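In the numbering used here, the protein residues as written are 1 to 433.
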């Protein structure tokens, strides 16, 4: 292995030119030491007009703050809590893209990158580093950026899947900042029921995808008695780790990547991060692979389990916004909806509580004005709440309305039924589902 020479964070970022686009490795593995160094350059008046791109990031996000207006401009592919207020006040922005297509923005030149600062593991004996918990679209960024900066951090696990030769980096920086961890709330009774309703749709031997949070953890708990499940997902956390360690998820029935867990980024406890370190049973892959519907569909009986902010009576699913207010992003929802739909025996499942914490129905006559449709009604299949599960596949608009009302909160059904009658006319009540 060649001799590695390290520079300071300030030296590395001194080579980033103004008026460029910057990619950051994301989620738990943000190169904060380089962000702080860029802020020092900005404070000294040495750089301006830098545009930042990434999946959602954890930790401080000064590149979205009003104080750096005209110097930094956030244009993330997914909106996390640390930038949400600034995005919705206009100081930062959101770039809509299916996460599976985000790497193509770099590779096809829609976004020409000035620099790609990323966290990496220490190199192995062959001079290769891993991007650890955040592969996402960083592989494409490394391939296409004018300047590639690696932050070698011993806390970044060495995960297989997409290893990068150390020669790809123009500058290397040492840092030992711990990765961000996340502890998720215990599921509520409602979430446990929803998890149970979803688990009833999952058969032994299925391959699953789900996100992170209390509801996915509730579902994971309900899958504990299943057998031979596979996992091909964009991300996972501690709930699914328990199933992997218990042998419930073993990938034995997967047609591709048999016996392996495939993901692209993680956010959980240090147990999750340690588990993937030098573990040949886990592959952390480029998002262009992990979220490619054609790849996803190659595993039979693929179950894609996603969530929603609201669903209208025709089956339109909003998941990235609440009205005009951006909440998150399109993410990989439609990537997996399409992949599961094309999979032999696959199912697309959208699960959510029937009401918000403020008691408002999430099943609505029409989406709130300005709400984004993440999954079109033609792609909406299984819809699950704590009141049951319905399959919209092959159902007309009026049939969908009746099915969705049947799993709305009982106190909301009368008003929803009245709205459906006003929309579809007197014939709406003349047939049964």
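We put the CB at the ideal spot given by N, CA and C, even for glycine.
What you are looking at is a predicted structure, and each value in this text was computed from that prediction instead of being measured.
Using a 10 Å radius around the Cβ and a threshold of 16 neighbouring Cβ atoms, would you call residue 359 buried or exposed?
Exposed.
What did DSSP end up calling residue 422 once you bin it into helix, strand or coil?
Helix at residue 422.
Can you name the start and end residues of the beta strand (DSSP E) that residue 207 belongs to?
Where residue 207 is concerned, the enclosing beta strand (DSSP E) stretches over 207–209.
Residue 304 and residue 348: beta carbons closer than 8 Å?
Cβ distance < 8 Å, so residue 304 and residue 348 count as in contact.
Can you list, in chain order, the residues of its chain with a C-beta nearer than 7 Å to that of residue 300? Leave out the 5 residues immediately preceding and following it.
Excluding positions up to five away in sequence, the list reads 255, 343, 344 and 345.
Closer than 6 Å by C-beta to residue 195: which residues in its own chain qualify, once you throw out the five before and the five after it? Chain order, please.
These residues qualify, in order along the chain: 218, 219 and 222.
Output the distance between the C-alpha atoms of residue 270 and residue 417, rounded to the nearest integer angstrom.
C-alpha separation (whole angstroms): 48 Å.
If I measure Cβ to Cβ from residue 170 and keep anything under 7 Å in the same chain, skipping five residues before and after, which residues do I get?
Only 147, 148 and 149 meet the Cβ criterion.
Comparing the CB of residue 183 with every heavy atom of the ligand PLP, is any distance shorter than 7 Å?
Absent from the structure shown: the ligand PLP. Ligands present: none.
Are there 16 or more other CB atoms within 10 angstroms of the CB of residue 5, so buried, or fewer, so exposed?
Under this definition residue 5 is an exposed residue.
Near residue 202, which residues of its chain fall below 7 Å by C-beta distance, leaving aside the five closest residues on each side in sequence?
Counting only Cβ-Cβ distances below 7 Å, and skipping sequence neighbours, we find 208, 223, 226 and 303.
Does the beta-carbon distance from residue 377 to residue 315 come in below 8 Å?
Yes. Within cutoff.
Pick from 131, 183 and 257: whose alpha carbon is nearest that of residue 31?
The option with the nearest alpha carbon to residue 31 is 131.
Quick one: what does DSSP say residue 385 is sitting in, helix, strand or coil?
DSSP places residue 385 in strand when its eight states are reduced to three.
Quick check on DSSP: helix, strand or coil for residue 317?
Strand.
Using the C-alpha atoms, what's the distance from residue 367 back to residue 326?
The alpha-carbon atoms of residue 326 and residue 367 are separated by roughly 14 Å.
Measuring alpha carbon to alpha carbon, tell me which of 335, 384, 392 and 321 ends up nearest residue 370.
It is 321.
State the DSSP-derived secondary structure class of residue 76, mapped to helix, strand or coil.
Correct three-state label for residue 76: strand.
Decide if residue 382 is buried, meaning its Cβ has at least 16 other Cβ atoms within 10 Å, or exposed.
So residue 382 counts as buried.
Strictly by DSSP, which residues pair up with residue 284?
Answer is 161 and 263, bridged to residue 284.
Keeping to the same chain, check which residues put their C-beta closer than 6 Å to that of residue 63; ignore five residues upstream and five downstream.
For residue 63, where only same-chain residues beyond five positions count, the Cβ hits under 6 Å are 52, 72 and 74.
Could you give the residue range of the alpha helix (DSSP H) that holds residue 275?
Run containing residue 275: 270–276, per the alpha helix (DSSP H) assignment.
Just the Cα atoms here: how many angstroms apart are residue 89 and residue 128?
C-alpha separation (whole angstroms): 42 Å.
By a C-beta neighbour count over all protein chains shown, 10 Å radius and 16 as the cutoff for buried, is residue 165 buried or exposed?
Residue 165 is exposed by the Cβ-count criterion.
Using the three-state DSSP reduction, which class does residue 239 fall into: helix, strand or coil?
If DSSP states are grouped into helix, strand and coil, residue 239 belongs with the helices.
Rounded to whole angstroms, what is the Cα-Cα separation between residue 379 and residue 403?
In a straight line, the C-alpha of residue 379 is about 16 Å away from that of residue 403.
According to the neighbour-count rule (16 or more other Cβ atoms, all chains shown, within 10 Å of its Cβ), is residue 87 buried or exposed?
Residue 87 should be labelled buried.
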